[in-house]
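Quick note, the numbering used here runs 714 ahead of the 1-based positions in the sequence shown.
A short write-up of the structure that comes next.
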Amino acid sequence: MKQISRIVERLALVVLLIGGVGMLFSMFLGVADVIGTQVLLIPVPGPRELTESTMVLIVFGALAYAQIRRAHIRVELVYFQMPPRIRAMMDVITDLAAITFFGLILSEAINEAQYSLQIGEATVGLIRFPLWPARFILAAGCALMIVQLLLHLIEDVIRIKSGEGLENDPLNILQKAE
715 MKQISRIVER
725 LALVVLLIGG
735 VGMLFSMFLG
745 VADVIGTQVL
755 LIPVPGPREL
765 TESTMVLIVF
775 GALAYAQIRR
785 AHIRVELVYF
795 QMPPRIRAMM
805 DVITDLAAIT
815 FFGLILSEAI
825 NEAQYSLQIG
835 EATVGLIRFP
845 LWPARFILAA
855 GCALMIVQLL
865 LHLIEDVIRI
875 KSGEGLENDP
885 LNILQKAE
């Protein structure tokens with residue numbers, strides 16, 4: 715399982731970095747468009763279409779990496795008041811709900827990506843930018859997220875049995891410091 719975790723973490727990091735490059739690209743494109751339109755009176759063609767597609771990469775590229783770090787939002791005020799076993803149970807419920815949610819998104823994303831590729835779907839505008847790559851990126855991001863959630867589910871079930879908290883829990887860090 716550690717080997718799979720390492721592979722998923724590396725993949726998630728690569729996708730996150732690609733998403734970061736996409737964010738930089740969108741940022742520079744937006745700046746170039748504003749300067750081109752307002753200063754040089756020569757707008758950059760197609761910034762909206764290109765930015766729309768890179769947004770999918772930015773958002774869905776970061777999901778799995780955030781899950782690896784368990785950085786998604788939770789109500790810590792309640793969560794950290796519970797004993798480790800109850801926290802692990804709460805995490806299992808969250809993992810199962812998220813697997814279901816992202817499983818539904820993945821199912822539809824695959825269908826939409828295949829259909830988009832089949833019909834050659836593209837944006838409407840000055841530049842006809844194909845939409846199918848963004849749809850496949852969305853599906854890949856969901857798939858990577860599901861794999862990470864499954865790994866966390868296994869880890870959380872083991873935590874229920876052992877009664878231990880997460881390594882990076884603030885409570886565990888405080889207890890180790892004492």
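Quick reminder that beta carbons are idealized off the backbone N, C-alpha and C, glycines included.
Distance from the Cα of Leu731 is smallest, within the candidate group Val773, Gln752, Lys716 and Phe843, for Val773. Distance from the CA atom of Ala853 to the CA atom of Met741, rounded to whole angstroms, is 24 angstroms. The segment 841 to 885 contains, as complete alpha helix (DSSP H) runs of 4+ residues, the segments 846 to 876 (chain order). For Pro761, the enclosing alpha helix (DSSP H) has its first and last residue at Pro761 to Ile782.
Per DSSP, the unbroken alpha helix (DSSP H) holding Glu822 starts and ends at Pro798 to Ile833.
When the five nearest sequence neighbours on each side are left out, no beta carbon in the same chain lies closer than 6 angstroms to the beta carbon of Phe815. In the three-state reduction of the DSSP assignment, Ala746 falls in the helix class. By the C-beta density criterion, Gln832 is exposed, having fewer than 16 other C-beta atoms within 10 angstroms. If you ignore the 5 residues before and after Val729, its C-beta comes within less than 6 angstroms of the C-beta of Gly775, all in its own chain and listed in chain order. The Cβ-Cβ distance between Ser767 and Leu845 falls below 8 angstroms. A distance of 8 angstroms or more separates the beta carbons of Leu771 and Leu743. With a threshold of 16 other beta carbon atoms within 10 Å, Val722 meets it and is buried. Residue burial is scored here from C-beta neighbours: Ala778 has at least 16 other C-beta atoms within 10 angstroms and is therefore classed as buried. Short of 7 angstroms from the beta carbon of Gly877, and not among the five residues preceding or following it, lie these beta carbons of its own chain, in chain order: Pro798 and Arg799.
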